[in-house]
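I have placed the structure first, in the form of structure tokens, so that the comments after it can refer back to it.
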Amino acid sequence: MNTETNILNILGEQIKLGERKEVNFDVANLHTASAINVPIIIERSKKPGPTVLFTAGIHGDEVNGVEIVRQLIAKGINKPKSGTVICMPIINIFGFINLKREFPDGRDLNRVFPGSKNGSLASRVAHKLITEIVPHADYIIDFHTGSSGRFNAPQLRIVKHNQQLRGLAKVFGAPFVLYSKNLNKSFRTVCNKLGKPLLLFEGGKSFHIDNIVTNTGVNGAKRILFYLGMLSSKFKVSTPKKDCVFIEESKWIRAKLSGMFKASVKINAKVEKGDLLGNITDPYGKMNYFVKADYSGYIINVNESPVVYQGDALFHITKKLIR
């Protein structure tokens, strides 16, 4: 555990115990030559302790994650009674400005880690994050959303057989924990290789802020800080309404026809095999195809697009659970 010395040196700045400071995570100017200030908010207690890093906005269109970290800062949850909290609400500032998932060079930041000092723009941002910020963290929580109109139930994603992450996931208290492999060149993969425990939170969809998703993320962050002895005593910690459902296997139900789509089942719902999930119609009233559940499970993702094509993912359903 990094209980650091009295002075934290980060991005050329020095932050003493008990200090608050904003440091600038700048990599490049805009094409207009305008400088971009990308603040990282660092709050240090007078009492030494672990360092927690909250990140969001790896994908520029995933604004709900940004909102979660914003609330942690606005409400003062990031002011620890021991240790240090580092908040990075927006990593991909270039995508966020344009409300696009990727960088201007077309690259997905979450597929270029650990990056390169002299590589593409996305690669340079990844490299700076890994070399300048991550080494200071003991724990990382990275907030994401679903993409392309697909709404994710609030969930954590961790690798299987990692008891530390499983324990932290239980503390966080999201409704679902999905076992998923670390993807090549992703932020999660590189942090794992560096021995930095990372919880990846998914919830909601791109270009959208949902109150339930936001509250789940904020409350989960508070529980983690409380568990680590870092949460200020002025904040209360709620108990999750339900125990986490750990998911070992899940499957997408895909559209068998193209057409106008409407889901009739809500996110988080438990369905039985044969239950009606939604329907696909044509614009002329000649066809009405009913989408039904192939097996029983929980709905953890719903496609909210009004128009779908054959083969599009419609519903993500849990298939094998672990209690």
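Heads up: the sequence shown begins at 1 in UniProt numbering, then just goes up one per residue. Glycine included, every Cβ here is placed at the ideal spot set by N, Cα and C.
Status (buried if at least 16 other CB within 10 Å, exposed otherwise) for residue i
i: residue 12; result: exposed
i: residue 292; result: exposed
i: residue 188; result: buried
i: residue 30; result: exposed
i: residue 202; result: buried
i: residue 183; result: exposed
i: residue 316; result: buried
i: residue 243; result: exposed
i: residue 161; result: exposed
i: residue 253; result: buried
Terminal residues of the beta strand (DSSP E) in which residue i lies
i: residue 90; result: First-last for residue 90: undefined, no H or E at that position.
i: residue 310; result: From DSSP, residue 310 is part of no beta strand (DSSP E); its letter is neither H nor E.
i: residue 324; result: One cannot answer for residue 324 here, as it falls past the ends of the chain, which runs 1 to 323.
i: residue 153; result: 150 to 158
i: residue 44; result: 39 to 44
Contact check, residue i vs residue j, beta carbons under 8 Å
i: residue 64; j: residue 213; result: yes
i: residue 92; j: residue 60; result: yes
i: residue 129; j: residue 105; result: no
i: residue 37; j: residue 26; result: yes
i: residue 322; j: residue 217; result: no
i: residue 167; j: residue 49; result: no
i: residue 247; j: residue 178; result: yes
Check: residue i C-beta below 7 Å from any heavy atom of the ligand HEM
i: residue 136; result: Absence of the ligand HEM is noted for the structure shown, with no ligands found whatsoever.
Beta-carbon contacts of residue i that lie in its chain and below 7 Å, excluding the five residues immediately before and after
i: residue 262; result: 278, 279
i: residue 235; result: 77, 222
i: residue 191; result: 134, 140, 198
Own chain residues within Cβ distance below 8 Å of residue i, not counting five before or after
i: residue 401; result: There is no way to answer for residue 401, as the model of the chain reaches only from 1 to 323.
i: residue 269; result: 298, 299
i: residue 180; result: 157, 158, 159
i: residue 231; result: 77, 80, 81, 222, 225, 237
i: residue 137; result: 2, 51, 52, 53, 86, 196
Neighbourhood of residue i by C-beta, 6 Å cutoff - its chain only, sequence neighbours within 5 removed
i: residue 88; result: 40, 55
i: residue 62; result: 144, 145, 206
i: residue 20; result: 43
Unbroken alpha helix (DSSP H) run spanning residue i, endpoints
i: residue 212; result: 211 to 227
i: residue 127; result: 121 to 128
Beta-bridge pairing of residue i - partner residues as DSSP gives them
i: residue 250; result: 318
i: residue 201; result: 143, 156
Min CB distance residue i to chain C below 8 Å
i: residue 11; result: The question asks about chain C, but that chain is absent: this structure has only one protein chain.
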